Amino acid sequence: MPAKPASTTSEADAAAGVAELARAKINLALHVVGQRPDGYHLLESLVTFADIGDRLTFMPSDRDRLTISGPFSGSIAPDASNLVARARDGLRHLLTKRGLTASPAAIHLEKNLPVASGIGGGSADAAATLRGLLRLWQAEAFAADDMDALALSLGADVPMCLRERPALARGIGEDLSPLADLPALPLVLGNPLRGVSTPEVFSRLRSKRNPGMEAFGTSDWITLLSRLRNDLEDPARELVPEIGEISALIAAQGARLTRMSGSGATCFGIFASRAEAEQAAAALRTLRPDWYFQAAETVTGSPSSPLSKTPN
Ligand code: C5P
1 MPAKPASTTS
11 EADAAAGVAE
21 LARAKINLAL
31 HVVGQRPDGY
41 HLLESLVTFA
51 DIGDRLTFMP
61 SDRDRLTISG
71 PFSGSIAPDA
81 SNLVARARDG
91 LRHLLTKRGL
101 TASPAAIHLE
111 KNLPVASGIG
121 GGSADAAATL
131 RGLLRLWQAE
141 AFAADDMDAL
151 ALSLGADVPM
161 CLRERPALAR
171 GIGEDLSPLA
181 DLPALPLVLG
191 NPLRGVSTPE
201 VFSRLRSKRN
211 PGMEAFGTSD
221 WITLLSRLRN
231 DLEDPARELV
241 PEIGEISALI
251 AAQGARLTRM
261 SGSGATCFGI
271 FASRAEAEQA
281 AAALRTLRPD
291 WYFQAAETVT
301 GSPSSPLSKT
311 PN
């Protein structure tokens, strides 16, 4: 049986197709505090999400399709190994087991973010696929409880990307405590357009047991963040020495704090205002036209359902 429509509006939405923004994930800080027997690292990470990202659309179709466009479409293949296809197949399997129909869908991915760059990428695309197909198939009410487990089976960062809200992430990244009072932060993102292998960065870590985060006793986030670190930055710099240069270039534009996100190589700088961030990004693009620089602003920590999304 098909999933029962929640309302006439969502029925109309689904017929016309749905759209999702797969927001760039930013690790404002990332401490590696241990390692599990299976090799995955235990983290404490402050994560948030930007107002830029890949764009996905989902349309009813006669058969499953996946097409990719955008500035970074050349770096990934639209085949079954793509995290978007894996998310679609995983969700269909789950719904079919429940006797629901998950009809064929044409998915289009506009790849706007550099690939293998420490800002979510494939994880955000997988999470957006789960959200988008749940809406297309009008199945939110039937699958919401299982989404976190399905998301985690696709990657350690996929559960946080489902929510796209500021959080303190623990475990391997799946144990999420919302950070409701994290303000919107104007940013510049910079990347030297050299992909980085996450497992390789983790394998170069000298210490797997670093100090965790102290209790957050300040209302000034810049002061707090400046006391924190990204433990993956040193090993990533061994692989991509340009990380140091990108960070210094962003700092020289007046950033209040610069750091690498995730396993790199994307670095971010926090600016006093969106206008300053835009100005800095424009100046950096002139200085290094061969690199990626983009102004953005992070989302705030307003409460929202993990799966509630407005079309973008
Ligand atoms: O879970 P995901 O496939 O995104 O992780 C990619 C790789 O990054 C893992 O295979 C693992 O080598 C490494 N990783 C890790 N610890 C984490 C997250 C990822 O060691 N918490």
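Numbering follows the UniProt record's numbering, in which position 133 of the sequence shown is assigned residue number 133; successive positions increment by one, without gaps. Quick reminder that beta carbons are idealized off the backbone N, C-alpha and C, glycines included. Just so we're clear, the structure is a prediction, and the values are computed from it rather than from any experiment.
Q: Determine the contact status of HIS31 and GLY212, defining contact as a CB-CB distance below 8 Å.
A: At the C-beta level, HIS31 and GLY212 come within 8 Å of one another.
Q: Would you tell me roughly how many angstroms separate the C-alpha atoms of ARG237 and PHE216, rounded to the nearest one?
A: If I take the Cα positions, the gap works out to 28 Å.
Q. Going by C-alpha distance, which of GLY90, GLU110 and LEU152 is nearest LEU134?
A. Here the closest residue by C-alpha is GLY90.
Q. In angstroms, rounded to a whole number, what distance separates the CA positions of SER304 and PHE49?
A. Model confidence at SER304 stands at a pLDDT of 47, short of 50, so the residue's coordinates are unreliable and nothing is read from them.
Q: Kindly indicate which residue of LEU179, PHE293, PRO235 and PRO78 has the alpha-carbon position closest to the one of ALA277.
A: Minimum Cα distance to ALA277 is reached at PHE293.
Q: Taking all protein chains shown into account, decide if ILE222 is buried (16 or more other Cβ within 10 angstroms of its Cβ) or exposed.
A: Counting Cβ neighbours within 10 Å, ILE222 comes out exposed, since fewer than 16 surround it.
Q.
From the DSSP secondary-structure annotation, give me the bridge partner or partners of LYS25.
A. According to DSSP, LYS25 shares a beta bridge with PHE49.
Q: Following the continuous beta strand (DSSP E) through GLY190, name the residue where it begins and the one where it ends.
A: 186-191 is the span of the beta strand (DSSP E), which, as asked, contains GLY190.
**Q.** One or two residues paired with MET59 in a DSSP bridge
**A.** Beta bridge pairing from DSSP links MET59 with ALA106.
Q. CB-CB under 8 Å to VAL18, same chain, minus the five flanking residues each way: which ones, in chain order?
A. Excluding the 5 residues flanking it on each side, VAL18 has same chain C-beta neighbours closer than 8 Å at THR57, PHE58, GLY132, ARG135, LEU136 and PRO311, in chain order.
(Q) If you reduce the DSSP assignment to three classes, tell me which class VAL84 lands in. (A) VAL84 falls in the helix class under three-state DSSP.
Q) If you draw a straight line from the alpha carbon of GLY254 to that of VAL188, how long is it in whole angstroms? A) Answer to the nearest angstrom: the Cα atoms are 11 Å apart.
Q: Answer yes or no: the CB of ARG207 versus the heavy atoms of the ligand C5P, is any distance below 7 Å?
A: Per the sequence presented here, residue 207 reads as Ser, with Arg not at that position. Outside the cutoff, so no.
(Q) Let's test the definition: count the other Cβ atoms within 10 Å of the Cβ of GLY262 and tell me whether it reaches 16, buried, or not, exposed. (A) When all chains shown are included, GLY262 counts as buried.
Q.
For the pair the stretch 57-75 and the stretch 176-185, tell me if three or more CB-CB distances fall below 8 Å.
A. Judged by Cβ distances under 8 Å, the stretch 57-75 makes no contact with the stretch 176-185, as fewer than three pairs qualify.
Q. Quick one: is ALA167 buried, meaning 16 or more other Cβ sit within 10 Å of its Cβ, or exposed?
A. A buried status is given to ALA167, since no fewer than 16 other beta-carbon atoms sit within 10 Å of its beta-carbon.
Q) If you drop the 5 nearest sequence neighbours on each side, which residues of the same chain put their C-beta closer than 8 Å to that of VAL240? A) Excluding sequence neighbours, VAL240 sits near PRO192, ARG194, VAL196, GLY264 and ALA265.
(Q) Considering only the alpha carbon of each residue, which of ILE246, THR258 and ALA143 lies closest to LYS97? (A) ALA143 is the residue among ILE246, THR258 and ALA143 whose C-alpha sits nearest the C-alpha of LYS97.
**Q.** For ILE52 and ALA105, the rounded distance between their alpha carbons
**A.** Computed Cα separation, rounded: 25 Å.
Q. Based on Cα-Cα distance, which residue from LEU43, GLU164, ALA127 and GLY190 lies nearest to ALA151?
A. Considering only alpha carbons, the answer is ALA127.
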